[in-house]
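Protein chains: 2
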Amino acid sequence: MAEQQRILLVDDEPGIVRALGINLKALGYQIEAAADGEDALRKAADHRPDAVILDLGLPGIDGIDVIRGLRGWTSVPIIVLSVREAEREKIAALDAGADDYVTKPFGMGELLARLRAALRRELEPEAEVPVLVTPDFTIDLAVKRVTKGDQEIKLTPTEWGIVEVLVRNQGKLVSQTQLLKEVWGPQYGEETNYLRVFIAQVRRKLEPQPSNPRYFLTEPGMGYRFEIPGSPPTRRSHLGVEMK
Amino acid sequence: MAEQQRILLVDDEPGIVRALGINLKALGYQIEAAADGEDALRKAADHRPDAVILDLGLPGIDGIDVIRGLRGWTSVPIIVLSVREAEREKIAALDAGADDYVTKPFGMGELLARLRAALRRELEPEAEVPVLVTPDFTIDLAVKRVTKGDQEIKLTPTEWGIVEVLVRNQGKLVSQTQLLKEVWGPQYGEETNYLRVFIAQVRRKLEPQPSNPRYFLTEPGMGYRFEIPGSPPTRRSHLGVEMK
DNA sequence: CTCGATCTTGACGATTTCCTAACGGGTCAG
DNA sequence: CTGACCCGTTAGGAAATCGTCAAGATCGAG
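Read top to bottom, the protein sequences are chains A and B. Numbering (our numbering) for the first sequence: 1 to 244. Numbering (our numbering) for the second sequence: 245 to 488.
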């Protein structure tokens, strides 16, 4: 119970980091700090924080991309800090996967309350393996890299988006609209022709035999499914009850 | 697809309710409105919304108490609206169990984005949708997959729709019109010949002896019923999954 | 500005799925 | 027995979906 909760604090302003850090530590949280986007993604993968507090105004990578990068493989709560009041920015951050958006200047008490609210929700640990290995290629969700044999396969952002969503839902059927919404954004849902183009692209790059897909399967009329051949029968030791 | 998500909208200002309601409906949400705290708690219990948008400035019960009332039995996402900028208020609401706090006036886009964020989180818990196992086949509703022995059975969207509705109502009789409406859409109800065709198709794929159905039973003149032979006398737990 | 990479869009056969209509076999009442 | 009714079965053509290709459109880098 007394398990300390880990917070990843991403901000390039030393003042904020110090102030927040002191407060959080005093409250019994364990703090990890990162000063830019790459660092944040790396440390998140290393330390598996229970929550991330992320300043959008970072040098280097765009803050939104950091959110997407995290969301690729983890559902850790993300609270975004920003000086920008612009609504567009808020919506973009939230739709990218942020859980909350706080504009600076903010009250420390409020931020802490929002942090508590976020942590309260995340009771389930959900130990995932962010790296997936198949006989034909390897996908590292945290680092966003695909290797085939020993050489790296380069995917465009959209291609990666598709791979990511399908792999995260491994074995599960993902409907076209769900896939579109998750990769292109919530306002999409009908443009199934995009999918056809990009699925084909992905297969061309990853499938050993693109015209006969073994991993990225089409379920006609329903959606797509990622699956490692030979594993489906082994599913569900979880709570599945056999009645042989 | 695309089950409509239900939103409970609690506010005593008709203007806000109308504006929000129109927007939300246009986006495909199903709206329930309540004007005061008691009403809100009652309607939440009745309709089991997927999210609650709650104005703190209500007549009658204090908004904070509404939050507590809800949190007593549900973890539905609660987004609080308030004119009060006071930090004390925010902290109180968040610590009482609210998921988010938006101060009026707010941008519609932002609120909608926050709503999406809240709904997205709630979607995760993948509520233990049990796998249904029979001696002849296995149906995994979450993953949308049917296996017979060790090989996969491919179902078309309509076939799957029928199986899903019947299995969800396991043991219960589903009338023809109900089945038609649930699978084809609300404007259907008379086209019982569709059913004959697709039920036959399903039986051909799943029943060990299609001409003598053991699972997908016809209730002449009334409708259809899914049932696992040997189980009807005893009361099964929720979805036919048994604790050995 | 040009170039290259990426994403959009439209169009085309090939395939799959759906609708439709017709037939036949049960059951039941008259 | 006969006809009405309901259900199962079958099959062919209509309609939707999918994979594929290739030509714009867009954007950032140089």
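Virtual Cβ for every residue (Gly too), placed ideally from N, Cα, C. Computed from a prediction, not measured in an experiment: that's the story for all the values here.
Against chain A, which members of the region 332-343 of chain B pass a CB distance test of less than 9 Å?
Listed in sequence order: ARG332, LYS334, ILE335, ALA336, ALA337, LEU338, ASP339, GLY341, ALA342 and ASP343.
Inside the region 284-333 of chain B only - alpha helix (DSSP H) runs reaching at least 4 residues
Unbroken alpha helix (DSSP H) runs of no fewer than 4 residues, entirely contained in the region 284-333 of chain B, are found at 307-315, following chain order.
Report yes if the CB atom of A:GLY189 is closer than 8 Å to the CB atom of B:PRO401, and no otherwise.
Here residue 189 of chain A refers to the residue found at position 189 when the first sequence is read from its first residue. Here residue 401 of chain B refers to the residue found at position 157 when the second sequence is read from its first residue. Contact: no.
Once you ignore the five residues that flank B:MET352 on each side, which residues in its own chain have a CB closer than 7 Å to its CB?
Taking the second sequence and counting its residues from 1, one reaches residue 352 of chain B at position 108. So the qualifying residues of the chain are ASN267.
Could you name the residues of the region 274-289 of chain B whose beta carbon sits closer than 7 Å to any beta carbon of chain A, in the order they occur along the chain?
Per Cβ criterion, the list is empty.
What distance in whole Å lies between the Cβ atoms of B:GLU276 and B:PRO490, which are believed to be in contact at a cut-off of 8 Å?
Coverage of chain B is limited to positions 245 through 488, which leaves residue 490 of chain B absent and any answer about it impossible.
Residues of the region 247-261 of chain B with Cβ closer than 7 Å to any Cβ of chain A, in chain order:
Along the region 247-261 of chain B, there is no position whose C-beta sits under 7 Å from a C-beta of chain A.
Closest to B:VAL407 by CA distance: which of B:GLY393, B:GLU426 and B:PRO430 is it?
Indexing the second sequence from 1 puts residue 407 of chain B at position 163. Selected option, being the one with the closest Cα: B:GLU426.
Three-state class that DSSP yields for A:ALA19 in the structure shown:
Residue 19 of chain A sits at position 19 when you count from the first residue of the first sequence. A:ALA19 falls in the helix class under three-state DSSP.
For A:ILE91, the nearest candidate out of B:ALA289, B:ASP384 and B:ALA361 (CA to CA):
Taking the first sequence and counting its residues from 1, one reaches residue 91 of chain A at position 91. Nearest in C-alpha terms to A:ILE91, of all of B:ALA289, B:ASP384 and B:ALA361, is B:ALA361.
Would DSSP call B:LEU271 helix, strand or coil?
Within the second sequence, residue 271 of chain B is the residue found at index 27, counting from 1. Here DSSP, grouped into helix, strand and coil, assigns B:LEU271 to coil.
In chain order, what residues of the region 384-403 of chain B put their CB closer than 8 Å to some CB of chain A?
Cβ proximity to chain A below 8 Å picks out ASP384, ALA386, VAL387, LYS388, ARG389, THR391, ASP394, GLU396, LYS398, THR400 and PRO401 from the region 384-403 of chain B.
Can you tell me whether B:ARG358 is buried or exposed, with buried defined as 16 or more other CB within 10 angstroms of its CB?
Locating residue 358 of chain B in the second sequence gives position 114, counting from the first residue. Taking a 10 Å sphere around the C-beta of B:ARG358, we find 16 or more other C-beta atoms and assign the residue as buried.
Give the secondary structure of A:GLY37 by DSSP, where H, G and I count as helix, E and B as strand, and everything else as coil.
Residue mapping note: residue 37 of chain A aligns to position 37 of the first sequence, counting from 1. Reduced to three states, the DSSP call for A:GLY37 is helix.
Whose Cβ in chain B lies nearer than 8 Å to the Cβ of A:LYS172?
Position 172 of the first sequence holds residue 172 of chain A. One finds ALA386, VAL387 and LYS388 in chain B with Cβ atoms closer than 8 Å to the Cβ of A:LYS172, taken in chain order.
Cα separation between A:GLU219 and A:ARG71?
Reading the first sequence from its first residue, position 219 is the one you call residue 219 of chain A. Reading the first sequence from its first residue, position 71 is the one you call residue 71 of chain A. The alpha-carbon atoms of A:GLU219 and A:ARG71 are separated by roughly 26 Å.
On the three-state DSSP scale, how would you describe B:LYS388?
In the second sequence, residue 388 of chain B corresponds to position 144, counting from 1. Note: B:LYS388 maps to coil in three-state DSSP.
Residue interval of the alpha helix (DSSP H) (run including B:PHE381)
As a first step, residue 381 of chain B must be located in the second sequence, where it is residue number 137. Element bounds for B:PHE381: n/a, residue is neither H nor E.
Does B:ARG364 pass the burial test, meaning 16 or more other C-beta atoms within 10 Å, or should it be called exposed?
Within the second sequence, residue 364 of chain B is the residue found at index 120, counting from 1. Buried: at least 16 other Cβ atoms inside 10 Å.
Three-state secondary structure (DSSP) at A:ASP100?
Working through the first sequence from its first residue, we reach residue 100 of chain A at position 100. Judged by DSSP in its simplified three-state form, A:ASP100 adopts strand.
Suppose you measure from the CA of A:MET243 to the CA of B:LEU399; what does that come to, to the nearest Å?
The residue you call residue 243 of chain A lines up with position 243 of the first sequence. The residue you call residue 399 of chain B lines up with position 155 of the second sequence. Residue placement at A:MET243 is poorly supported in this model, since its pLDDT is 35, which falls under 50; the coordinates still yield a value, given next. Each residue's Cα considered, the two are about 23 Å apart.
Under 7 Å between beta-carbons, which chain B residues line up against A:GLU110? List them in chain order, please.
Here residue 110 of chain A corresponds to residue number 110 of the first sequence, with the count starting at 1. Correct list: GLU331, LYS334 and ILE335.
With a cut-off of 8 Å, do at least 3 Cβ pairs link the region 72-91 of chain A to the region 49-63 of chain A?
Contact holds between the region 72-91 of chain A and the region 49-63 of chain A, because three or more Cβ pairs, one in each stretch, are under 8 Å apart.
Do A:ALA26 and A:LEU8 have their beta-carbon atoms positioned less than 8 Å apart in this structure?
Counting from one through the first sequence, the residue named residue 8 of chain A turns up at place 8. Counting from one through the first sequence, the residue named residue 26 of chain A turns up at place 26. Their beta carbons are not under 8 Å apart, which means A:LEU8 does not touch A:ALA26 by this criterion.
At a CB-CB cut-off below 9 Å, which residues of chain B make contact with A:ALA200?
The residue labelled residue 200 of chain A in the question sits at position 200 within the first sequence. Neighbours of A:ALA200 on chain B: none; closest Cβ ~21 Å, over 9 Å.
Top-ranked residue by Cα proximity to B:PHE350, from A:SER75, A:GLU87 and A:PRO77:
As a working mapping, residue 350 of chain B is identified with position 106 in the second sequence. Among A:SER75, A:GLU87 and A:PRO77, the Cα nearest to that of B:PHE350 is on A:GLU87.
Would you call B:GLY467 buried or exposed, if buried means 16 or more other Cβ atoms sit within 10 Å of its Cβ?
For the purposes of this step, residue 467 of chain B is taken as residue 223 along the second sequence, with counting starting at 1. Burial state of B:GLY467 is buried, judged by a 10 Å Cβ sphere holding 16 or more other Cβ atoms.
Given a threshold of 16 other Cβ atoms within 10 Å of its Cβ, counted over all protein chains shown, does B:LYS416 qualify as buried or as exposed?
As a position in the second sequence, residue 416 of chain B is number 172, starting the count at 1. Note on B:LYS416: under 16 other CB atoms within 10 angstroms of its CB, so exposed under the neighbour-count rule.
Cβ separation of A:ASP140 and A:PRO208, assumed to be a contact under 8 Å, to the nearest whole Å:
Residue numbering aside, residue 140 of chain A sits at position 140 when the first sequence is read from its first letter. Residue numbering aside, residue 208 of chain A sits at position 208 when the first sequence is read from its first letter. At roughly 19 Å, the Cβ-Cβ gap does not stay under 8 Å, so A:ASP140 and A:PRO208 are not in contact.
Interface partners of B:PRO295 on chain A, CB under 8 Å
Locating residue 295 of chain B in the second sequence gives position 51, counting from the first residue. The residue you asked about is not Pro; residue 295 of chain B is Ala in the sequence shown. In chain order: nothing, as chain A lies at least about 13 Å away.
Report the residues of the region 182-194 of chain A with a CB closer than 9 Å to any CB of chain B, ordered along the chain.
From the region 182-194 of chain A, only PRO186 and GLY189 have a Cβ closer than 9 Å to chain B.
Taking Cβ positions, are A:ILE64 and A:ALA96 nearer each other than 8 Å?
Residue mapping note: residue 64 of chain A aligns to position 64 of the first sequence, counting from 1. Residue mapping note: residue 96 of chain A aligns to position 96 of the first sequence, counting from 1. With respect to A:ALA96, A:ILE64 sits close: the two C-beta atoms are nearer than 8 Å.
Taking the alpha-carbon positions, what's the A:LYS43 to A:VAL66 distance?
What you label residue 43 of chain A is simply residue 43 of the first sequence in a count that begins at 1. What you label residue 66 of chain A is simply residue 66 of the first sequence in a count that begins at 1. Put simply, the backbone Cα of A:LYS43 is about 12 Å away from that of A:VAL66.
Three-way DSSP call (helix, strand, coil) for A:TYR224 in this model
Numbered from its first residue, the first sequence carries residue 224 of chain A at position 224. In the structure shown, A:TYR224 sits in a strand (DSSP, three-state: E or B).
Counted within 10 angstroms of its Cβ, other Cβ atoms place A:GLU89 as buried (16 or more) or exposed
Residue 89 of chain A sits at position 89 when you count from the first residue of the first sequence. Label assigned to A:GLU89: buried.
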